[in-house]
Structure formats: structure tokens, C-alpha cells
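A quick write-up on the structure given underneath.
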Amino acid sequence: MLLVGKGGSGSEGTAKAEHLTERALYDVAHGRFERSLSGLTAVAALVTTAEIYFEHYKASFGNKWMWSPIVVTPPVVVAGVGGVFSRRWAKSWLPITAAIYTANGLMGEYLHARGVARKPGGWKNASYNVPMGPPIAAPGLMCMVGGMGLLASILRRERFRS
Numbered sequence: 030m031l032l033v034g035k036g037g038s039g040s041e042g043t044a045k046a047e048h049l050t051e052r053a054l055y056d057v058a059h060g061r062f063e064r065s066l067s068g069l070t071a072v073a074a075l076v077t078t079a080e081i082y083f084e085h086y087k088a089s090f091g092n093k094w095m096w097s098p099i100v101v102t103p104p105v106v107v108a109g110v111g112g113v114f115s116r117r118w119a120k121s122w123l124p125i126t127a128a129i130y131t132a133n134g135l136m137g138e139y140l141h142a143r144g145v146a147r148k149p150g151g152w153k154n155a156s157y158n159v160p161m162g163p164p165i166a167a168p169g170l171m172c173m174v175g176g177m178g179l180l181a182s183i184l185r186r187e188r189f190r191s
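With our numbering applied, the sequence shown has no gaps in its numbers, which climb one by one up to 191 at the end.
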């Protein structure tokens with residue numbers, strides 16, 4: 030059920046949604062997506078790190094490097110939110126923190142692959158060790174989120190049009 034004010038037909042709300050969608054598509058087509066992608070980077074980093082925290086918690090943070098994704102996330106979130114409101118933050122702090130976040134994801138890929146190799150049978154027993162060991166592709170999500178931040182820093186800012 031659509032909630033409409035003053036007994037309207039709801040077409041005004043639909044027109045606003047269509048306008049916002051059209052404006053967003055225009056901005057993306059013209060390389061203007063810095064603010065939105067900065068905000069999405071901050072949100073994605075929070076969600077990703079929450080998932081990482083729960084998984085590493087289940088593993089009892091057995092390796093000190095399991096804390097690194099939790100430590101590198103707050104600066105990315107602050108820079109992402111700052112990038113929404115400030116062009117300077119989007120062009121200076123966001124690429125630095127996003128690059129560190131991406132590098133941490135690459136380090137996680139290495140550590141997870143090493144974790145599979147250390148299981149009995151190593152990579153020769155991959156059919157068992159890959160599903161039962163540390164998830165090989167999971168740190169790639171950090172790399173993608175960091176890549177979003179890097180991409181946001183090279184895009185142009187959206188213009189606010191009515």
C-alpha cells in the first residue's frame with residue numbers, strides 16, 4: 030500500500046523517484062559520483078568489518094593479524110563520511126585510507142591461502158581444506174570496498190540540481 034498525503038494518487042512520489050533516478054544515472058554517466066560513492070564506501074566498510082569481526086571472533090582471534098581489518102576500518106569510515114561533505118577529504122584522506130584498506134585485504138588473501146596450506150595435506154587436499162579452512166575469497170571483499178573508495182576519489186563531485 031502506498032502512503033500518500035492528502036488523498037493524492039501517489040504520482041507525485043513516483044515523479045520524485047523517477048527524477049532522482051534520472052539524476053543519479055546522469056551523474057554516473059558523466060563521471061560525477063564522488064559523494065555517493067564515498068558514502069557507500071563508508072557504509073560498506075562498516076558492514077564488511079562487522080562480518081569480519083564475527084568470523085574472526087569465532088576463530089578466537091587466534092592470530093594477531095586477525096585484528097588488522099578491525100583496526101583499519103574506522104579511518105576509512107571517517108574518510109568516507111568526510112568525502113560526502115568535503116571535496117578535500119574525498120581527494121586527500123579517502124584515497125589514503127582506502128589504499129590501506131585494500132592492502133589489508135590483499136594481506137588477508139595471502140594469510141588465508143597460507144592458512145589453507147598449513148592444514149594437513151595442504152593444497153594437495155584442497156577439496157577438503159578449502160571449504161574447511163579460512164575462506165579464500167573473503168578478504169577480496171575488503172579489496173573491493175577499498176577499490177570503491179579509490180574510485181570515489183578520482184570521480185568528479187555531483188552537482189545539486191533541482
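No residue lacks a Cβ here, since even glycine has one placed at the ideal position from N, Cα and C.
ask   = For Tyr130, which of Ser67, Leu75, Pro98 has the nearest alpha-carbon?
value = On the sequence shown, position 101 is the one that residue 130 refers to. With distances taken between Cα atoms, Tyr130 lies closest to Pro98.
DSSP state of Arg116 mapped onto helix, strand, coil = Counting from 1 along the sequence shown, the entry for residue 116 is found at position 87. It is helical.
Met30 burial status per 10 Å Cβ neighbour count (16 or more: buried) = Residue mapping note: residue 30 aligns to position 1 of the sequence shown, counting from 1. Below a pLDDT of 50, predicted positions are generally treated as unreliable, and Met30, at 41, falls in that range; the measurement from the model is reported next regardless. So Met30 ends up on the exposed side.
request  = Pick out the complete alpha helix (DSSP H) segments inside the region 38–87, 4 residues or longer, and give them in chain order.
outcome  = 40–58, 63–87
inquiry  = Nearest by alpha-carbon distance to Cys172: which of Asn158, Ser89, Ala132 is it?
reply    = Locating residue 172 in the sequence shown gives position 143, where the first residue counts as 1. Ranking Asn158, Ser89, Ala132 by Cα distance to Cys172 puts Ala132 first.
query = In its own chain, which residues sit with a C-beta less than 6 Å from the C-beta of Ala74, not counting the 5 before and 5 after it?
reply = Along the sequence shown, one-based indexing puts residue 74 at 45. Cβ within range, chain order: Thr102, Val105, Val106, Val174.
ask   = Near Ala71, what residues of its chain come up, given a Cβ to Cβ distance below 6 Å and the 5 sequence neighbours on each side ignored?
value = The residue labelled residue 71 in the question sits at position 42 within the sequence shown. Excluding positions up to five away in sequence, the list reads Val106, Gly109, Val110.
query = Over what stretch of residues does the alpha helix (DSSP H) that includes Ile129 continue unbroken?
reply = Here residue 129 corresponds to residue number 100 of the sequence shown, with the count starting at 1. Element bounds for Ile129: 122–147.
Whole-number beta carbon distance between Gly134 and Gly169, since they are thought to touch under 8 Å = Mapped onto the sequence shown, residue 169 falls at position 140. Mapped onto the sequence shown, residue 134 falls at position 105. Contact flag correct, Cβ pair sits at about 7 Å.
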